[in-house]
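Below is one structure; the comments refer to it alone.
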Amino acid sequence: MASVRIFLPDNSVKTFDHQPTVLEVANRIGPRLAKDTLGAQLNGESDVVDLRTLLPDGSKIKIITIKDAESLQVIRHSAAHLMAQAVQELWPEVKVTIGPVIDAGFYYDFDSARPFTPDDLPKIEKKMQEILARNEDVVREDWPIDKAIETFEKMGERFKAELIRDLAAKGETTVGIYKQGLVWFDLCRGPHVQRMGQIKAVKVLSLAGSYWRGDEKNAQLQRVYATAFNDKKELDEHLKNLEEAKKRDHRKLGKELGLFYFHQLSPGGPFFAPKGALIYNELQSFIREKYREYQYQEVITPQIFDVDLFHQSGHYDNYRENMYFTKVDDRDFSFKPMNCPGHCLLYQAERKSYRELPWRVADFGRLHRYERSGVMHGLNRVRTFCQDDAHIFCRMDQLQAEISQFVTMLNDVYHTLGMDNYLIYLSTRPEKRMGSDEVWDQAEAALADALTALNLPFKINAGDGAFYGPKLDIMFVDAIKRPWQLGTLQCDFNLPRAFDLNYVGDDNKEHRPVMLHRAILGSLERFIGVYLEHTAGHLPLWLSPVQIELLTVTDRQLDFARELASKFNAHGLRVHIDERGEKLGYKIREAQLQKIPYMLILGDKELESKRISVRLSSGKVIESLDIETFTQDVLREINERRLTSFLQPTPTNTNQEAHNSSTI
RNA sequence: GCCCAUGUGGCUCAGGGGUAGAGCACACCCUUGGUAAGGGUGAGGUCGUGAGUUCGAGUCUCACCAUGGGCUCCA
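Written out as structure tokens, the structure reads:
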């Protein structure tokens, strides 16, 4: 077969003498480039596409490029130039640095002696609008590199000059210059819009400090965040989502719903109040159920270990600054930051036969990691937490099946939780790594093949793997389209060697197992935070701290309410009676704000008929239900872990979209 | 860890050198009212911690702690 050529965005070409797999491409073209450009799917038939345009056909690689996303990027990048122009027209002394496109918009870093203030944002936006109205042409010129350096230097744009010098050092001889109108220009690779007026919808959002090249030793810069969209409608929708995100902030919901708290005497240490602990424990029970189903065994391992353990595992060398230490009896101990080394000790406790593999051990152990003070954020980043952590020790020939089982289990769990929208990333070998290329080839192929066999699309993060092995990261995309990394599966060639783990094969010889680290929810803490934001606090019944609130119209119904409550209680339902002498409307409002799924209204009518009237948190009211039937229906809803009320028609499931629109 | 901001009753916030305010929540009383806030009374705070300036400090200064937005980090 003819060679296959892959054209890269920087115009270089890589040639393969056979049909390359996507992994080969990723490993060949290098991490940085692949990360920016490769969205890929092994589907065994489709055209090989290159990274610039279309490409050689007959290959088994398909690279998904989303045209819309690309043009949006162009608009945003042009809008970044627009912002720079606006700022310099307002304050000519301000110097420009860089202004890249990011996930939901773009930013530009400025060097300004005077720090920007929030009042400056509307000014900048107004100036941007003025410039847009001029609708100037955007023209590209290619300048000899010396001329470019000289020009920017003369203007005092030392950051730009530095960037161009770097390009010169890489052997570039010309650089792209984009002119907006007659006067203003900037260094850029492009592409850009042809006329400024093509930018239809921009919004300046916020302000932050940053550093030149992200290094705190360098100059402090003023970063202005903004976003741009194809049209006003898209922009408005995005702004609405930002609003919505604020409303859904799990820190706010956690307080309002009485789920968890923080105290300054334990930074990064969440307190789960009774209601929050209920959610925590229900999630654990759910995962335990899945462990039984997927044949994991749960273990319990120590909290504190002699530091020697972490010397042996390598964590001390690589991870020390994130660990807590303590000295007892003149001996150095450490709180475990992860369960794996302990599991290795447990693996060694008994001699393993190949028949015992795969050996899957799960552990809800408490972990402590010292996080730098600036990185903690609600439940998303804490210093003490627990993961739905498990390790699988298996033979190399079992690898693919284990990966496959994990992905199936994850899909199962996410589906039950109403989280069908997720993306899978395969991170491949980094430059600094351990283990032979042969082993890496096998492991990467096992990951890719498992996903392909399950017909799950995935994207390659070339070079993003850990030094000890390749991994899958699962990005859950929530109800307002924000990605969160929750689940992960990591192959590890390091720990089995560090602990000299073996099993006896059918050849009566010792062999080294592969170790897999895996979690589905990630940390329970973080998961609860994410899930609260995904559901805006409207949890499914089985996770609701209070499932049924009993609201009496007058005190005459209190005995009836207590009778009902003990009946529900006996079935294991979580019930609460609002016994306060408030009016019904008042009690309803409170129950509503607490997002309690079922409100039972008890008045004289119900007392006489011995039937109940139910109000859902959606506001829907159903009158005169039979108590026994209601109880059974509610129990069924819980046991089946249903996402919507049995009284509410299930909306059609439109979840699968995400897989087909693997963006980026 | 770095930059900026913030820290006042359980919660949300006002006040800004002369001895602490509101709404909600809470307690009690009146009201027993049918699907998102009935009325009254009351209790509750050494204004994040420590030092300084001042006749006098929630209020000004400094340090520290915590939180928030970013940066960086997340073998």
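Residue numbers (the working numbering): 1 to 664.
In this text, a Cβ means the ideal position worked out from N, Cα and C, and glycines have one as well.
query: Could you check whether the segment 335 to 354 touches the segment 306 to 319, counting it as contact only if at least three pairs of C-beta atoms, one from each stretch, sit closer than 8 Å?; result: yes
query: Excluding five sequence neighbours on each side, which residues of the same chain lie with their C-beta closer than 7 Å to the C-beta of I131?; result: L82, Q85, A86 and M196
query: So, with DSSP's three-state summary, where would you put Y108?; result: strand
query: Taking the continuous alpha helix (DSSP H) assigned at M128, which residues delimit it?; result: D120 to R134
query: DSSP state of N685, grouped into three classes?; result: Since the first and last residues shown for the chain are 1 and 664, residue 685 lies out of range.
query: On a CA-only basis, which of L423, K179, Y347 and Y291 is nearest F364? Give me that one, please.; result: Y291
query: Using a Cβ-Cβ cut-off of 6 Å (strictly less than) and excluding sequence neighbours within five positions of R395, which residues of its own chain qualify?; result: L357
query: Candidates E162, I124 and Y225: which alpha carbon is nearest I102's?; result: Y225
query: Rounded to whole angstroms, what is the Cα-Cα separation between H566 and K587?; result: Checking the sequence, you will find Ser at residue 566 rather than His. Using only the alpha carbons, I get a separation of about 20 Å.
query: What separation, rounded to the nearest whole angstrom, lies between the Cα atoms of G258 and K275?; result: 7 Å
query: Assuming contact is defined by CB atoms lying nearer than 8 Å, are H391 and L516 in contact in what I supplied?; result: yes
query: Taking the continuous alpha helix (DSSP H) assigned at S266, which residues delimit it?; result: First-last for S266: undefined, no H or E at that position.
query: For a minimum of 4 consecutive residues, which ranges assigned as the alpha helix (DSSP H) are wholly contained in the segment 326 to 356?; result: 340 to 349
query: Between the C-alpha atoms of L278 and L543, what's the straight-line distance to the nearest angstrom?; result: 8 Å
query: Answer yes if the segment 182 to 192 comes into contact with the segment 202 to 212, meaning at least three C-beta pairs across the two stretches below 8 Å, and no otherwise.; result: no
query: Rounded to whole angstroms, what is the Cα-Cα separation between D332 and R351?; result: 29 Å
query: Please tell me whether G522 and Q490 are closer than 8 Å, where the distance is taken between their beta carbons.; result: no
query: Is I314 helix, strand or coil by DSSP?; result: With the sequence shown as reference, residue 314 is identified as Gly, and Ile is not the correct amino acid for it. DSSP places G314 in coil when its eight states are reduced to three.
query: So, with DSSP's three-state summary, where would you put M599?; result: strand
query: List the residues that DSSP assigns as beta-bridge partners of V530.; result: Paired residues: none, contrary to the question.
query: List the residues that DSSP assigns as beta-bridge partners of D492.; result: M515
query: Just mark I304 as buried or exposed, buried being the case when its beta carbon has 16 or more other beta carbons within 10 Å.; result: exposed
query: If we call anything under 8 Å between Cβ atoms a contact, is I622 one with R611?; result: no
query: With a 10 Å radius around its C-beta and 16 neighbouring C-beta atoms as the bar for buried, classify G209 as buried or exposed.; result: exposed
query: If you drop the 5 nearest sequence neighbours on each side, which residues of the same chain put their C-beta closer than 8 Å to that of F646?; result: D633, V634, R636 and E637
query: For the segment 526 to 541 and the segment 478 to 488, state whether three or more C-beta atom pairs, one from each stretch, are separated by less than 8 Å.; result: yes
query: State the Cα-Cα distance for the pair D437 and T428, rounded to the nearest angstrom.; result: 11 Å
query: Below 8 Å, how does it come out for the segment 578 to 585 and the segment 551 to 562: are there three or more Cβ pairs, yes or no?; result: yes
query: Starting from the C-beta of L253, find all residues in its chain whose C-beta is less than 7 Å away, skip the five residues before and the five after it, and write them out in chain order.; result: L532 and G537
query: Using C-beta distances below 6 Å, list every residue in its chain close to R32, excluding the 5 sequence neighbours before and after it, in chain order.; result: Per-residue confidence for R32 stands at a pLDDT of 40, beneath the threshold of 50, marking its modelled position as unreliable; no derived number is given.
query: Roughly how many angstroms lie between the CA atoms of F271 and V299, to the nearest whole one?; result: 25 Å
query: What is the DSSP secondary structure of V87, reduced to helix, strand or coil?; result: helix
query: Using the rule of at least 16 other Cβ atoms within 10 Å of the residue's Cβ for burial, across every protein chain shown, is Q648 buried or exposed?; result: exposed
query: In the DSSP assignment, find the alpha helix (DSSP H) that holds Y291 and state where it starts and stops.; result: P274 to E293
query: Could you give the DSSP three-state label for S645: helix, strand or coil?; result: coil
query: Determine contact between the segment 397 to 414 and the segment 374 to 385, defined as no fewer than three beta-carbon pairs at a distance below 8 Å.; result: no
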